[in-house]
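Student: My questions all concern the structure below.
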Amino acid sequence: MELTLAIDFGSTYTKVVALDLTKEELVGVAQAPSTVDTDMTISLHAAVDKLCVQTGLGKIQPDRVLGSSSAAGGLRVVAAGLVQALTTKAAQEAALGAGAKLVGSYANGLSEDDVREIEEIAPDMILLTGGTDGGNKDCLIHNAALLAESTLVPPFIIAGNKRAASEARALLEKKGKEALVVENVLPELDVLNVEPARAAIRDVFMRRIVRGKGLDKARAFVGDILMPTPSAVLLGARLVAEGAGDESGLGELVVVDVGGATTDVDSIAHGLPSGADVVVKGLAEPYMKRTVEGDLGIRYNADTILEKAGKRKIVSTLAAMDGTLVERINLEATVANLSAHIDTVPQDDAGYCLDVGLACTAVELAMERHCGKIEEVYFPTGKARIQHGKDLGNIQTVIGTGGVFAYGRGPRRILEACCQNTEHFESLRPQHPDFYIDEKYILFAVGLLAEIAPEPVLRIIKRHLKRV
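Written out as structure tokens, the structure reads:
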């Protein structure tokens, strides 16, 4: 047996997946509540002990151990650039694909008031963009000079005009700041190049994660944490879509990850227009796109889901499952209790139905934000159809991952909320996809092994994707 352990240090649970890559088998999966506030190695050993009992292996001696983590929370990133729409778009694509979150975006050159505001935000990293290669140089240099005089101490990643990048780095380093230059995120108008910035953000993310409580101690067992969990899921999704070697993939797809704090959507698709009469407007969408909706978790943000969707929407979803449920519970009080007690596990049919109802609503809102929209515009010469964002209408595969799919009920109903509906015809969501769930909750492990053993791990995940 060639035993590989994939470990994810999550904010809620620490998960351990054991794989035999020689036999191409899933050996076992176990998890334990994460001990973020004390010592993360406690939950690690608890999960490994459960795995030993479950598999009957006794003391586990793996040949390889890989890790991912989101236990210290998302890396908080501030971006500063030249044009607001371009800066925000490029920064979001770079940050979200690397397990970070954008907490501030500034354009048109920083002011002293802006710098004071950034100092109050106290971000974990600052991303400096601005100017295409051969375009505006002044904004990047101005922002670097102003920030060099600030009290800010996080790492700076410079991903702007290549002709101004070295000077910007010199200004920051002269004042003792850590600065790294990578390729421009926007080398040409309408051309995104986010992967170099993503890689740099991932590196900063992991250095910060390892400083989280107990994770430095976990190195004795895990070695270096390889990547943020969001990056692992995104790479796993890409492998499932594209295939490897002689093992075919499922084609362009969407992955929906419903969690207690966020609802994340990954699309591995070009998202090109499906109609010959459609014109795309705005920056090109990345083939591998990730969005993280921090207000749509079914525990931490259950009350926010109710607030954003409205009581009528939730009631309608619940009534479709159980016509008497709304009469038997106080919806507002029950949802508030979930937000206050994030470790709540459903104990009866009413609890499971409420989880499904909240997840349906979270998925619908998250998918609407992730995918593109079509707009009809009238000119003197006639009508035109304008596409903003990705067209995911022809996507054939939607995969659900997360606890509500692995341990809950009604997975198909939740995933159907991804699809186009009569209320939002302008939303370019999947129309008639097949639905699968990551039944064993192992997609992160697939991503960790995507470049090490792509074909074996792809065959394993394909056997454990359950069609619903």
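Residues in the sequence shown are numbered from 7 upward in steps of one, following our numbering.
Idealized CB from N, CA, C, for every residue including glycine.
Note that the structure is predicted; figures quoted are calculated from it, not measured.
1. Rounded to whole angstroms, what is the Cα-Cα separation between V210 and T428?
2. Is the region 310-326 touching the region 286-294 in the sense that three or more CB pairs, one from each, lie closer than 8 Å?
3. Relative to the C-alpha of A24, which candidate in V59, R435, R296, T47 has its C-alpha closest?
4. Which residues bound the alpha helix (DSSP H) around F247?
5. Let me confirm a value: N336 is counted as buried when at least 16 other C-beta atoms fall within 10 Å, else exposed. Which label applies?
6. Evaluate F385 with the Cβ neighbour count: other Cβ atoms within 10 Å of its Cβ, from every protein chain shown; 16 or more gives buried, anything less gives exposed.
7. Check whether the region 139-151 touches the region 196-207, taking contact to mean three or more Cβ pairs, one atom from each stretch, closer than 8 Å.
8. Taking only three categories from DSSP, how would you classify T94?
9. Do K396 and G277 have their CB atoms nearer than 8 Å?
10. Please report the distance separating the alpha-carbon of A226 from that of L232.
11. Does the beta-carbon distance from T235 to F450 come in below 8 Å?
12. Can you say whether Y413 is buried or exposed, counting buried as having 16 or more other CB atoms within 10 angstroms of its CB?
13. Please work out which residues of its chain come closer than 7 Å, Cβ to Cβ, to K183, disregarding the five sequence neighbours upstream and downstream, and give them in chain order.
14. Between L133 and A176, which are expected to be in contact by the criterion C-beta below 8 Å, what is the C-beta distance as a whole number of angstroms?
15. Along the alpha helix (DSSP H) that carries D55, what are the first and last residues, could you check?
16. Taking only runs of the beta strand (DSSP E) that begin and end inside the region 113-177, which ones reach a length of at least 3 residues, in chain order?
17. For chain C, check one thing: does any of its Cβ atoms lie closer than 8 Å to the Cβ of L371?
18. Alpha carbon to alpha carbon, what distance is there between Q402 and V33?
19. Decide if F441 is buried, meaning its Cβ has at least 16 other Cβ atoms within 10 Å, or exposed.
20. Can you list, in chain order, the residues of its chain with a C-beta nearer than 6 Å to that of T269? Leave out the 5 residues immediately preceding and following it.
21. Does the region 316-334 come into contact with the region 354-362, if we say contact requires no fewer than three beta-carbon pairs (one atom in each stretch) closer than 8 Å?
22. Quick one: what does DSSP say M212 is sitting in, helix, strand or coil?
23. If I follow the unbroken alpha helix (DSSP H) through D397, where does it start and stop?
24. Three-state secondary structure (DSSP) at Y293?
25. Please classify E99: does DSSP put it in a helix, a strand, or coil?
26. What is the DSSP secondary structure of G357, counted as helix, strand or coil?
27. Just to confirm, are I380 and L471 a CB contact at a threshold of 8 Å?
28. Hey, could you find the ends of the beta strand (DSSP E) A85 is sitting in?
29. Distance check for H51 and S40, CA to CA, integer angstroms please.
30. Of all the options L364, E123, A38, L344, which has the alpha carbon lying nearest to the alpha carbon of R318?
31. For S111, which residues does DSSP report across the bridge?
32. Look at the Cβ atom of L152, then the Cβ atom of V187, and state whether they are nearer than 8 Å.
33. DSSP three-state label for F450, please.
34. Given a cut-off of 8 Å, decide if E374 and S280 are closer than it, judged by their beta-carbon atoms.
35. Going along the chain, which residues of its own chain have a beta-carbon closer than 7 Å to the beta-carbon of A238, five neighbours each way excluded?
36. Which residues does DSSP pair with R318 in a beta bridge?
Tutor: In short, the structure shows the following:
1. So the two alpha carbons sit approximately 44 Å from each other.
2. Judged by Cβ distances under 8 Å, the region 286-294 makes no contact with the region 310-326, as fewer than three pairs qualify.
3. Comparing Cα-Cα distances from A24 to each of V59, R435, R296, T47, the minimum goes to V59.
4. The question names Phe, but residue 247 in the sequence shown is Ala. First-last of the alpha helix (DSSP H) with A247: 235-248.
5. exposed
6. exposed
7. Verdict: no, contact absent.
8. helix
9. Yes, these two residues count as a Cβ contact at 8 Å.
10. 14 Å
11. yes
12. exposed
13. A154, F162
14. About 18 Å; that fails the 8 Å criterion.
15. 46-61
16. 131-134, 162-164
17. Considering every chain present, this structure includes no chain C. It has just one protein chain.
18. 30 Å
19. buried
20. E299, L302, A368, A372
21. yes
22. For M212, the three-state secondary structure derived from DSSP is helix.
23. Element bounds for D397: n/a, residue is neither H nor E.
24. Assigned with DSSP and collapsed to three states, Y293 falls in coil, not helix or strand.
25. helix
26. Three-state DSSP puts G357 in a helix.
27. no
28. 81-86
29. In a straight line, the C-alpha of S40 is about 11 Å away from that of H51.
30. L364
31. A85
32. The Cβ atoms of L152 and V187 lie no closer than 8 Å to each other.
33. Here F450 sits in helix by DSSP.
34. no
35. S74, F450, G453, L454
36. Paired residues: none, contrary to the question.
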